[in-house]
Every structure is written in structure tokens, then in C-alpha cells.
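K.L.:
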Amino acid sequence: MAADVPELPDIDVTGAHPARMYDYYLGGTTHFAADREAADKVLAVLPEGRDMAIANRAFLGRAVRFLASQGITQFLDIGTGIPSRGSTSEVLREIGPRGPGGVCR
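So for the sequence shown, my numbering puts the first residue at 4; every next one is plus one.
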């Protein structure tokens, strides 16, 4: 690896991670067998879990669109999630330029 490029840590794909499980619930592609197995166990006792994740993501989209329409141009999205469908940044790219400099951040 080049001297100016940091070495990336190994990703443990043998254990489930909540962010990758959430991606699985949303129908994304950034998950591994351990994530799918754990998520399916959750869905076995909470069958509405996938619908809940989808509803949560839909609310996020509505909230971001509303706030942007009210002039908000800076968004801070905190979490351990991975950028899956309907993420804050994806919604902002969809609605186009806003604010000073023409960009939502």
C-alpha cells in the first residue's frame, strides 16, 4: 500500500452488525451472511420489523425534504449506519442545490 494511503481495518463479516442488518431490511446490498441470518432471526419474532425499517427510512426522507424546503441547508446525520437507499445525503442529492453556494451539506 502507498505511504500516503492509510491501511483500512479488516471488516469482521462473521458477526452481524446492526447497520448491515438495517440495510438488509431496507433491501440494500451492503450486508453479509451473518447479517442476514441475524436479521431473519429478528424477523421471525418481529415480522413487522422490515416494514418498520422501511417506514423509518420514509419518515427520514419526508423530514429532510421538509426541512430543506424551509431553508435548512446543513444536516448532521449521526450514527453507525452505512449509506443505504434513502439516506440523508441521497435525499439531499435528489432534491438538488439549496442554500449559499447552491449545496446542502
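Backbone N, C-alpha and C define an ideal beta-carbon position, used for all residues, glycine too.
Let me know if alanine 58 comes out buried or exposed under the rule of 16 or more other beta-carbons within 10 Å of its beta-carbon.
P.N.:
It is exposed - the Cβ of alanine 58 has fewer than 16 other Cβ atoms within 10 Å.
K.L.:
So what does DSSP say about leucine 49, is it helix, strand or coil?
P.N.:
Three-state result, leucine 49: coil.
K.L.:
Quick one: residues in its chain with C-beta nearer than 7 Å to the C-beta of threonine 17, no 5 flanking neighbours on either side, listed in chain order?
P.N.:
Excluding sequence neighbours, threonine 17 sits near Ala37.
K.L.:
What first and last residue would you give for the alpha helix (DSSP H) that runs through serine 92?
P.N.:
Taken as a continuous stretch (DSSP letters only), the alpha helix (DSSP H) holding serine 92 covers 91 to 98.
K.L.:
Can you tell me the Cβ-Cβ gap for alanine 56 and leucine 29, rounded? I've got them flagged as a contact below 8 Å.
P.N.:
Alanine 56 to leucine 29, Cβ: 6 Å. Contact.
K.L.:
Alpha helix (DSSP H) containing alanine 22: first to last residue?
P.N.:
That run of the alpha helix (DSSP H) goes 21 to 28.
K.L.:
Taking only three categories from DSSP, how would you classify valine 16?
P.N.:
Three-state result, valine 16: coil.
K.L.:
I believe glycine 31 touches serine 87 by the beta-carbon criterion, under 8 Å. Please report the beta-carbon distance rounded to the nearest angstrom.
P.N.:
Yes, glycine 31 and serine 87 are in contact; Cβ-Cβ is about 4 Å, under 8 Å.
K.L.:
Express the C-alpha separation of histidine 20 and glycine 82 in angstroms, rounding to a whole number.
P.N.:
One C-alpha to the other measures close to 13 Å.
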